[in-house]
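First residue of the sequence shown: 1, per the UniProt record's numbering; consecutive thereafter.
Before any comments, here is the structure.
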Amino acid sequence: MELPSQIKYHIVAMPYPGRGHINPMMNFCKLIATKHPNILITFIVTEEWHSFINSDPLPENIKYATIPNVIPSEIGRAKDFAGFLRATLTKLEAPVEKLIDGLGPLKPSVIVYDTYMNWVTRIGSRRNIPVASFFPMSATVFDIFHHMDLLAQNEHLKANLSGKLQEQVDYIPGIPSIRVLDLPTPMHGKGQELLDVTMEIFSTVSKAQYLLFTSVYELESSVIDALKQKFPVPVYPIGPAIPYFTSEKNLSSTTSVDEPEYINWLNAQPNDSVLYISQGSFLSVSRAELDEIVAGVHDSGVRFFWVARDENIRFQKNGCSKGLVVPWCDQLRVLSHPSIGGFWSHCGWNSTKEAAFSGLPMLTFPIFWDQQTNSKQIVEDWKIGYRVKKDDKCSITREEICSLLKWFMDSGNAEVMETRRRAKEIQKICHFATANGGSSEINIDAFVKDVSSHKFH
C-alpha cells in the first residue's frame, strides 16, 4: 500500500471486541486523526465487527484492518461472557501479529491496545514497538484492580465476602473510602470466575510504555495522581472519549425535515420533563425485574424516552402514551436535548461520561463488572444521582419505582434541583477539559508528541 506523502507516523489501534470498548477507542482515534493528518491509524477488528461498523464515516487517515472471526460471535456473547473473554485472550494474538507484520511500509510508532488485550504487550516486545494501554473504564476501577494484592491482604478478595459487603475499603491509594459492595462485581458477586483472569491481565500493565485513561483528570484527580506516582511511564487521562465532536456537527447541520422522528418527538416536550432510560447494550435485567420497571414507569405518569429492543410491545399492552420507545438512538445527542431531565442508567462508563458531559442527574441501576463502582462515584463522590435499589434488596417493586420516578422528576423538588445544579458543575468540568487548552486536549497532544518523537520509555 502506497501512503499519501503527508503521512509520517503510524498508530495501530487494537480494541477489545465489544461496543463499549470499540466506541471510546474509535472516538480517541478520530480526535487524533482529525487534528493530525500526518498520522495514519490502522484500526483492527474482526470481520464480524467490521460488518457492524464499516458504514460509519471515518477521517481519511483511519483505515480498518480485519482479522478472521476466531472468537465466538458478538451475537449471544452475554450468554457465556467468561468463555468469550478467555477466547479474546488466547485466540487473537497470532492473527493480529501476522496482520501487523504485513502492514508495511510504515512501521507502527505505537500500538494502542485495550488493557484487556494484554497479549499486545508481547507483540510490542517481539517487534520492538511501544504499546499504550487504553483503559475503557474509570481510573478508579483500574486502581482497584491494580491493588488486588491489598484487597487480598485485608481479606477482601478470594474470601467469603457475604458478611463483609458493608465493610469499608479505605487503603487503596487515591480512592475515597468505598464499601466492599461497591467494588467491581468480580470481587464479590457476578463474574467471580473471572477474577484470576483479571488479575493476570492487570499484572501485565506495567509492561506498557504509556497508560491512557478514558477519564477526565478533574473528575478523578486523586486517583490519577496516585497512579502517576505508582507508574514510571506517562499517564494520560484523555477522556471522556465520547463523540462530543460529531454530536456538535450533527446539531448544526440538520434541519427538521431530515431529523430522526425521535428528535422531533423530543422537540415537542417541555424542558427537563423527560426521563431517558437505557440499560445498556450488553447485559440486561431479568424478565421479572423488567416487568416491574415497565409497570412502575407506566404508573408514575412521567414522560420517558426508553431505548430498548423488545420493550415496545410491553408498553403498547400497557397503553402508555406519555413515552417513546426506540431500538436505537444517538445517545449523546438525546442526553444533550433540553427536554431530557434525568437519566436512568446501568452505569456503564461510557453512559456515565455522556450523562456527566450533558449535565444530567441520574438514577443508577448497575448490573455487572464496573457498574457498581461507577454508581458509587455518581451517588457519593460526584453527588449527581440516586440509587434505584436499596443495598439490602435484591429486587424492587413497581410501587417503589413509581414513587421514586415521581419524586425524581418533580420540578419543585428542592433536593433534586440541588443535584441538578451539581450535575451542571460536572458538565462544566467536562467541557473545559475538552476545550482548547483543557486538560484532556493537552494530554492527547502530549501523547501524540511522544509517539511522533519516537520516545520509547
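Yeah, the Cβ is synthetic: ideal placement off N, Cα and C, and Gly gets one too.
Residue range of the unbroken alpha helix (DSSP H) whose run includes THR434: Locating residue 434 in the sequence shown gives position 434, where the first residue counts as 1. Segment 414-434, the alpha helix (DSSP H) holding THR434.
Sub-8 Å separation of LEU335 and TYR386 beta-carbons: Sequence index remark: in the sequence shown, residue 335 carries index 335 (1-based). Sequence index remark: in the sequence shown, residue 386 carries index 386 (1-based). In terms of Cβ geometry, LEU335 and TYR386 do not form a close pair [threshold 8 Å].
Assigned secondary structure, ILE172 (DSSP; H/G/I helix, E/B strand, else coil): As a first step, residue 172 must be located in the sequence shown, where it is residue number 172. ILE172 falls in the coil class under three-state DSSP.
Exposure of SER253, with buried meaning 16 or more beta-carbon neighbours within 10 Å: In the sequence shown, residue 253 corresponds to position 253, counting from 1. Residue placement at SER253 cannot be trusted, given a pLDDT of 43 that sits under 50; what the coordinates show is reported in the next sentence. Counting other Cβ atoms within 10 Å of its Cβ, SER253 stays below 16 and is therefore classed as exposed.
Once you ignore the five residues that flank LYS207 on each side, which residues in its own chain have a CB closer than 6 Å to its CB? Here residue 207 refers to the residue found at position 207 when the sequence shown is read from its first residue. Contacts found: THR121.
Nearest-angstrom Cα distance between residue 459 and PHE134? Outside the displayed span of the chain (1 to 457) sits residue 459, for which this structure offers no information.
Which residue comes first and which comes last in the alpha helix (DSSP H) that contains THR352? Taking the first residue of the sequence shown as position 1, residue 352 is located at position 352. It spans 349-358 - the alpha helix (DSSP H) in which THR352 sits, taken as one unbroken run.
Determine the extent of the alpha helix (DSSP H) in which GLY296 is found, giving its start and end residues. Walking along the sequence shown from the start, residue 296 turns up at place 296. Counting along the chain, the alpha helix (DSSP H) containing GLY296 begins and ends at 287-300.
Can you tell which of THR364, PRO15 and ARG422 has its C-alpha closest to the C-alpha of VAL131? Locating residue 131 in the sequence shown gives position 131, where the first residue counts as 1. Here the closest residue by C-alpha is PRO15.
How do the region 135-145 and the region 370-378 stand: do at least 3 beta-carbon pairs fall below 8 Å, yes or no? yes
Just list the residues that DSSP pairs TYR262 with in beta bridges. Locating residue 262 in the sequence shown gives position 262, counting from the first residue. DSSP output for TYR262 lists no bridge partner at all.
Extract the residue ranges of the alpha helix (DSSP H) inside the region 75-141, only unbroken runs of 4 or more that lie entirely within it. 81-90, 93-101 and 120-127
Are the region 423-432 and the region 214-234 touching, with three or more C-beta to C-beta distances below 8 Å? yes
By the DSSP assignment, the alpha helix (DSSP H) with ARG333 in it spans what residues? Against the sequence shown, residue 333 aligns to sequence position 333. From DSSP, the alpha helix (DSSP H) with ARG333 extends over 331-335.
In the structure shown, what three-state DSSP assignment does SER440 receive? Along the sequence shown, one-based indexing puts residue 440 at 440. When DSSP states are grouped into helix, strand and coil, SER440 belongs to the helix group.
TYR244 - partner residues in DSSP beta bridges: In the sequence shown, counting from the first residue as 1, residue 244 sits at position 244. DSSP lists no partner for TYR244.
Taking all protein chains shown into account, do 16 or more other C-beta atoms lie within 10 angstroms of the C-beta of SER73, making it buried, or fewer, making it exposed? Position 73 of the sequence shown, counted from the start, is the residue given in the question as residue 73. Here SER73 is exposed, its C-beta having fewer than 16 other C-beta atoms within 10 Å.
When the distance is taken between beta carbons, is GLU292 closer than 8 Å to THR397? Position 397 of the sequence shown, counted from the start, is the residue given in the question as residue 397. Position 292 of the sequence shown, counted from the start, is the residue given in the question as residue 292. Yes, they are a contact pair.
Counted within 10 angstroms of its Cβ, other Cβ atoms place ARG421 as buried (16 or more) or exposed: Here residue 421 corresponds to residue number 421 of the sequence shown, with the count starting at 1. The residue is exposed, with fewer than 16 neighbouring Cβ atoms inside 10 Å.
Buried versus exposed call for GLN229 [16 or more other C-beta atoms within 10 Å across all chains shown]: By 1-based counting over the sequence shown, the position of residue 229 is 229. Exposed, since its Cβ has fewer than 16 Cβ neighbours within 10 Å.
Secondary structure at SER215, three-state DSSP: helix, strand or coil? Position 215 of the sequence shown, counted from the first residue, corresponds to residue 215. Note: SER215 maps to coil in three-state DSSP.
In this structure, does DSSP put ALA226 in helix, strand or coil? The sequence position of residue 226 within the sequence shown is 226, counting from 1. In this structure, ALA226 counts as helix in the three-state DSSP scheme.
If you count every other CB in all the chains shown that lies within 10 Å of the CB of TYR171, and 16 or more means buried, which is it? On the sequence shown, position 171 is the one that residue 171 refers to. By the 10 Å Cβ count, TYR171 comes out exposed.
Give me the Cβ distance between ILE238 and THR214, rounded to the nearest whole Å; I'm assuming they're in contact under 8 Å. Here residue 238 refers to the residue found at position 238 of the sequence shown. Here residue 214 refers to the residue found at position 214 of the sequence shown. Confirmed, about 7 Å.
Does GLU415 pass the burial test, meaning 16 or more other C-beta atoms within 10 Å, or should it be called exposed? By 1-based counting over the sequence shown, the position of residue 415 is 415. Exposed: under 16 other Cβ atoms inside 10 Å.
DSSP three-state assignment for LEU157, whether helix, strand or coil: Within the sequence shown, numbered from 1, the residue matching residue 157 stands at position 157. Coil.
Would a C-beta distance cut-off of 8 Å place ASP351 and LEU266 closer than the cut-off? Here residue 351 refers to the residue found at position 351 when the sequence shown is read from its first residue. Here residue 266 refers to the residue found at position 266 when the sequence shown is read from its first residue. The sequence given here has Ser at residue 351, not Asp. Cβ atoms of SER351 and LEU266: not closer than 8 Å.
Where the alpha helix (DSSP H) containing ILE44 begins and where it ends: The sequence position of residue 44 within the sequence shown is 44, counting from 1. That residue, ILE44, is in no alpha helix (DSSP H); its beta strand (DSSP E) goes 39-46.
Considering only residues of the same chain and omitting the five flanking positions on each side of CYS347, which have a CB-CB separation below 7 Å? As a working mapping, residue 347 is identified with position 347 in the sequence shown. For CYS347, where only same-chain residues beyond five positions count, the Cβ hits under 7 Å are THR364, PRO366, GLN371, ASN374, SER375 and ILE378.
Expected contact under 8 Å - CB spacing of TYR236 and TYR210 to nearest Å: Here residue 236 is taken as the residue at index 236 of the sequence shown, counted from 1. Here residue 210 is taken as the residue at index 210 of the sequence shown, counted from 1. So it is a contact: roughly 7 Å between Cβ atoms.
Which two residues bound the contiguous beta strand (DSSP E) that contains VAL307? For this step, residue 307 is matched to residue 307 along the sequence shown. Start and end: 303-307.
Count the other CB atoms, across all protein chains shown, that sit within 10 Å of the CB of GLU354; report buried if there are 16 or more and exposed otherwise. Taking the sequence shown and counting its residues from 1, the one referred to as residue 354 is at position 354. Buried.
Could you give the DSSP three-state label for HIS457: helix, strand or coil? The residue labelled residue 457 in the question sits at position 457 within the sequence shown. Any answer about HIS457 is weak, because its pLDDT of 40 lies below 50 and its placement is not dependable; what the coordinates show is given next. In this structure, HIS457 counts as coil in the three-state DSSP scheme.
Buried versus exposed call for MET417 [16 or more other C-beta atoms within 10 Å across all chains shown]: Against the sequence shown, residue 417 aligns to sequence position 417. Result: exposed.
Hey, how far is the Cα of ASP381 from the Cα of GLY359? Position 381 of the sequence shown, counting from 1, holds the residue named residue 381. Position 359 of the sequence shown, counting from 1, holds the residue named residue 359. In a straight line, the C-alpha of ASP381 is about 15 Å away from that of GLY359.
Taking C-alpha atoms, which residue in PRO361, GLN279, GLU289 and ALA295 lies nearest to SER328? Translated into positions along the sequence shown, residue 328 becomes position 328. Reading the sequence as shown, one finds Trp at residue 328 and not Ser. When PRO361, GLN279, GLU289 and ALA295 are compared, the shortest CA-CA separation from TRP328 is found for GLN279.
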